[in-house]
Amino acid sequence: MTAPPDPRPGEPDLTAPAGWTADEMMTVAAARQLRDGTACFVGIGLPSTAANLARAIHAPNLVLVYESGCLGAKPDRLPLSIGDGVLADTADAVVSVPEVFNYWLQPGRIDVGFLGAAQLDRYGNLNTTVVGDDYATPAVRLPGAGGAPEIAASCREVVVIVRQNLRTFTTRVDFVTSVGYGTGPGDRERLGLRGGGPRLVITDLGVLEPDPVSCELTLTRLHPGVTREQARAATGWDLAVAEPLTTNDPPTAHELAVLRALRATAEGSRP
Numbered sequence: 015m016t017a018p019p020d021p022r023p024g025e026p027d028l029t030a031p032a033g034w035t036a037d038e039m040m041t042v043a044a045a046r047q048l049r050d051g052t053a054c055f056v057g058i059g060l061p062s063t064a065a066n067l068a069r070a071i072h073a074p075n076l077v078l079v080y081e082s083g084c085l086g087a088k089p090d091r092l093p094l095s096i097g098d099g100v101l102a103d104t105a106d107a108v109v110s111v112p113e114v115f116n117y118w119l120q121p122g123r124i125d126v127g128f129l130g131a132a133q134l135d136r137y138g139n140l141n142t143t144v145v146g147d148d149y150a151t152p153a154v155r156l157p158g159a160g161g162a163p164e165i166a167a168s169c170r171e172v173v174v175i176v177r178q179n180l181r182t183f184t185t186r187v188d189f190v191t192s193v194g195y196g197t198g199p200g201d202r203e204r205l206g207l208r209g210g211g212p213r214l215v216i217t218d219l220g221v222l223e224p225d226p227v228s229c230e231l232t233l234t235r236l237h238p239g240v241t242r243e244q245a246r247a248a249t250g251w252d253l254a255v256a257e258p259l260t261t262n263d264p265p266t267a268h269e270l271a272v273l274r275a276l277r278a279t280a281e282g283s284r285p
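Be aware that the sequence shown starts at 15, since it is given in this note's numbering, and climbs by one per residue.
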């Protein structure tokens with residue numbers, strides 16, 4: 015059996031003693047937040063993995079909506095992209111992309127938007143566009159906005175799943191692709207954004223929630239084996255911490271088995 019990789023600098027080693035990795039804990043924690051019967055607008059990558067895990071375990075009636083126009087998709091493997099044929103093959107309906115946005119998303123018919131990001135700041139603003147101060151010649155050009163700005167603007171609530179480190183959790187995002195709470199209270203209303211904004215940010219270290227007054231992201235839960243000092247060291251601003259600070263339950267054997275089977279399908283094999 016191949017030994018697990020060493021943790022990245024500044025990250026806890028959660029693999030060996032508990033039998034699960036930090037990424038698995040993050041994905042399971044995110045999946046647990048999705049309620050049965052709700053409509054979820056899903057991004058590819060970690061959000062798609064967590065959403066499909068939720069549907070397989072505790073939310074069989076979760077309605078997965080993908081930007082490509084697939085409504086109620088029920089893939090039996092992790093889709094490689096929003097254009098993966100398995101989404102259309104298993105969907106309740108396939109509509110045009112304009113209809114997804116104009117009829118379903120923008121009027122507020124989607125309960126949860128599930129997003130990832132390359133950068134995130136203390137007010138939950140997301141960057142998936144460029145890294146660097148110069149848009150024309152950035153240090154890194156990212157995949158781009160896609161439907162993320164509309165998801166962040168219009169869904170009744172947004173859940174963000176992202177790895178927590180100083181590169182990602184930055185004092186100021188280099189480009190605001192998707193607005194969280196702007197610069198603080200009242201910004202969403204001034205911008206005319208109808209959705210509720212980020213409700214949770216789930217990372218490989220814990221869970222953050224917006225303060226009800228300041229809208230600043232606050233650490234409210236840690237994953238097992240993680241300390242508040244580790245979470246603060248992986249954050250580019252002075253991270254607020256809730257009191258009491260609670261700890262998430264570790265993944266169950268069933269959650270891990272289903273998650274690993276899902277990931278195996280993305281690697282071209284079947285469980």
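For every residue, glycine included, the Cβ atom is placed at its ideal position computed from N, Cα and C.
Own chain residues within Cβ distance below 6 Å of residue i, not counting five before or after
{"i": "residue 81", "result": "96, 161"}
{"i": "residue 106", "result": "85, 86"}
{"i": "residue 245", "result": "219, 220, 233"}
{"i": "residue 206", "result": "none"}
{"i": "residue 280", "result": "92"}
{"i": "residue 323", "result": "Residue 323 lies beyond the range of the chain shown here (15 to 285); nothing can be said about it."}
For residue j and residue i, believed in contact at Cβ under 8 Å, the rounded distance
{"i": "residue 209", "j": "residue 159", "result": "Wrong, their Cβ atoms sit about 16 Å apart, outside the cutoff."}
{"i": "residue 116", "j": "residue 89", "result": "So it is not a contact: roughly 25 Å between Cβ atoms."}
{"i": "residue 176", "j": "residue 130", "result": "6 Å"}
{"i": "residue 193", "j": "residue 128", "result": "Wrong, their Cβ atoms sit about 17 Å apart, outside the cutoff."}
{"i": "residue 264", "j": "residue 118", "result": "No, residue 264 and residue 118 are not in contact; Cβ-Cβ is about 36 Å, not under 8 Å."}
{"i": "residue 48", "j": "residue 68", "result": "4 Å"}
Euclidean distance between Cα positions of residue i and residue j
{"i": "residue 284", "j": "residue 87", "result": "Caution applies to residue 284, whose pLDDT of 47 falls short of 50 and renders its modelled position unreliable; the value that the coordinates give is listed next. The straight-line gap from Cα to Cα measures roughly 19 Å."}
{"i": "residue 163", "j": "residue 132", "result": "14 Å"}
{"i": "residue 169", "j": "residue 125", "result": "6 Å"}
{"i": "residue 113", "j": "residue 247", "result": "43 Å"}
{"i": "residue 216", "j": "residue 277", "result": "19 Å"}
{"i": "residue 180", "j": "residue 250", "result": "5 Å"}
{"i": "residue 21", "j": "residue 267", "result": "For residue 21, the pLDDT reaches just 43, beneath the cut-off of 50, and the residue's location in the model is therefore unreliable, although a value from the coordinates is still provided. Each residue's alpha carbon lies about 22 Å from the other."}
{"i": "residue 225", "j": "residue 123", "result": "25 Å"}
{"i": "residue 184", "j": "residue 134", "result": "6 Å"}
{"i": "residue 269", "j": "residue 165", "result": "27 Å"}
{"i": "residue 262", "j": "residue 235", "result": "6 Å"}
{"i": "residue 59", "j": "residue 111", "result": "20 Å"}
{"i": "residue 153", "j": "residue 178", "result": "20 Å"}
{"i": "residue 227", "j": "residue 199", "result": "7 Å"}
{"i": "residue 197", "j": "residue 149", "result": "21 Å"}
{"i": "residue 156", "j": "residue 61", "result": "17 Å"}
{"i": "residue 36", "j": "residue 203", "result": "36 Å"}
{"i": "residue 151", "j": "residue 171", "result": "34 Å"}
{"i": "residue 120", "j": "residue 103", "result": "25 Å"}
{"i": "residue 64", "j": "residue 258", "result": "27 Å"}
Outcome for residue i when other beta-carbon atoms lying within 10 angstroms are tallied against a minimum of 16
{"i": "residue 273", "result": "buried"}
{"i": "residue 91", "result": "buried"}
{"i": "residue 195", "result": "buried"}
{"i": "residue 212", "result": "buried"}
{"i": "residue 243", "result": "exposed"}
{"i": "residue 98", "result": "buried"}
{"i": "residue 260", "result": "exposed"}
{"i": "residue 241", "result": "exposed"}
Contact set for residue i: own chain, Cβ-Cβ below 7 Å, skip 5 residues either direction
{"i": "residue 75", "result": "50, 51"}
{"i": "residue 109", "result": "83, 85"}
{"i": "residue 101", "result": "80, 82, 84, 87, 89, 93"}
{"i": "residue 38", "result": "265, 270, 273"}
{"i": "residue 201", "result": "195"}
Any non-hydrogen atom of the ligand MN closer than 7 Å to residue i Cβ
{"i": "residue 138", "result": "The ligand content of the structure shown is nil, which means the ligand MN is not present either."}
Next item on the list: Assess, as a yes-or-no matter, whether the stretch 131-151 is touched by the stretch 227-235 under the definition of 3 or more beta carbon pairs within less than 8 Å.
Entry: Output reads yes: the stretch 131-151 touches the stretch 227-235.
Margin query: Within 8 Å, do at least three Cβ pairs link the stretch 140-151 to the stretch 180-197?
Written below: yes
Check: Any contact of the stretch 69-80 with the stretch 248-260, i.e. 3+ C-beta pairs under 8 Å?
Finding: no
Margin query: Taking contact to mean 3 or more Cβ pairs, one atom from each stretch, closer than 8 Å, check whether the stretch 213-227 and the stretch 42-61 are in contact.
Written below: yes
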